[in-house]
Amino acid sequence: RRRGGTLLELDRMLLRAPPLAAGWNHYMGAIRSGTSLTDAIRELSICYVAVLNNADYEWQQHVGLAIKAGVSTSIMDQVHDDVLDALDDEQRLVLDYTRAMTRDISVQDDLFAKVKDHFSEVATVELTATIAAYNMVSRFLVALHIG
Numbered sequence: 041r042r043r044g045g046t047l048l049e050l051d052r053m054l055l056r057a058p059p060l061a062a063g064w065n066h067y068m069g070a071i072r073s074g075t076s077l078t079d080a081i082r083e084l085s086i087c088y089v090a091v092l093n094n095a096d097y098e099w100q101q102h103v104g105l106a107i108k109a110g111v112s113t114s115i116m117d118q119v120h121d122d123v124l125d126a127l128d129d130e131q132r133l134v135l136d137y138t139r140a141m142t143r144d145i146s147v148q149d150d151l152f153a154k155v156k157d158h159f160s161e162v163a164t165v166e167l168t169a170t171i172a173a174y175n176m177v178s179r180f181l182v183a184l185h186i187g
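Basically this note's numbering = 1-based index in the sequence shown + 40.
The following block contains the structure:
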């Protein structure tokens, strides 16, 4: 159960395969609350994965969390529209990395070098895992018409 005792549509689908639901919740719990990433960076990357993969349900579940974490509504509007004009350097780097991982899968060496220069080794792994995990989530949601 989620906080508040409510199951999301995603949860109800996963519970059709209980061992998968258990593993999913354990891993995604670590992604959501077991990393050194700021909530803003985590949610910004998750929301951009949702945009790039046309995962509206994922967007709806996370846009409020991004705003609560301090990402401005105007930045989130830009992310939603995929028109990224007024980002700070860190936001731009995170979204460039998210786009590369999501669209191209292979990340160019120069972009990866910028990520490694900006983030610690641990945070680089955590950011990469977050983007990869939410690509999994969005593909699951879209394929099963959840949301």
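Here a beta-carbon is modelled for each residue, glycine too, at the ideal position from N, C-alpha and C.
Straight-line gap, residue i to residue j (C-alpha atoms, nearest Å)
i: alanine 90; j: lysine 154; result: 23 Å
i: leucine 60; j: glutamate 166; result: 22 Å
i: asparagine 93; j: valine 123; result: 15 Å
i: alanine 188; j: tryptophan 64; result: Any question about residue 188 goes unanswered here, given that the chain covers just 41 to 187.
i: phenylalanine 152; j: tyrosine 137; result: 8 Å
i: tyrosine 67; j: histidine 158; result: 25 Å
i: isoleucine 171; j: leucine 135; result: 10 Å
i: glycine 45; j: serine 160; result: 36 Å
i: glycine 69; j: threonine 75; result: 10 Å
i: valine 162; j: arginine 52; result: 33 Å
i: isoleucine 186; j: serine 114; result: 27 Å
i: isoleucine 107; j: threonine 78; result: 13 Å
i: valine 111; j: valine 147; result: 25 Å
i: glutamine 100; j: aspartate 150; result: 32 Å
i: alanine 183; j: asparagine 175; result: 12 Å
Supposed close pair residue i, residue j - CB separation, criterion 8 Å
i: glutamine 118; j: aspartate 125; result: 6 Å
i: isoleucine 71; j: alanine 173; result: 5 Å
i: leucine 181; j: tyrosine 97; result: 5 Å
i: leucine 50; j: glutamate 83; result: About 17 Å; that fails the 8 Å criterion.
Where residue i falls, given that 16 or more other Cβ within 10 Å makes a residue buried
i: isoleucine 145; result: exposed
i: serine 85; result: buried
i: histidine 102; result: buried
i: leucine 48; result: exposed
i: arginine 143; result: exposed
i: methionine 116; result: buried
i: alanine 80; result: buried
i: serine 178; result: buried
i: alanine 62; result: exposed
i: alanine 57; result: exposed
i: leucine 54; result: buried
Near the ligand ATP: residue i beta-carbon under 6 Å from a heavy atom
i: aspartate 96; result: Among the ligands in the structure shown, none appear at all, so the ligand ATP cannot be discussed.
- Task: Write down every uninterrupted run of the alpha helix (DSSP H) in the region 122-164 whose length is 4 residues or greater and which is fully enclosed by it, in chain order.
- Result: Those alpha helix (DSSP H) runs which fall completely within the region 122-164 and span 4+ residues are 129-139, 149-158.
- Would you list, in sequence order, the uninterrupted alpha helix (DSSP H) runs of no fewer than 4 residues that lie entirely inside the region 78-124? The region 78-124 contains these whole alpha helix (DSSP H) runs: 79-92, 96-108, 113-121.
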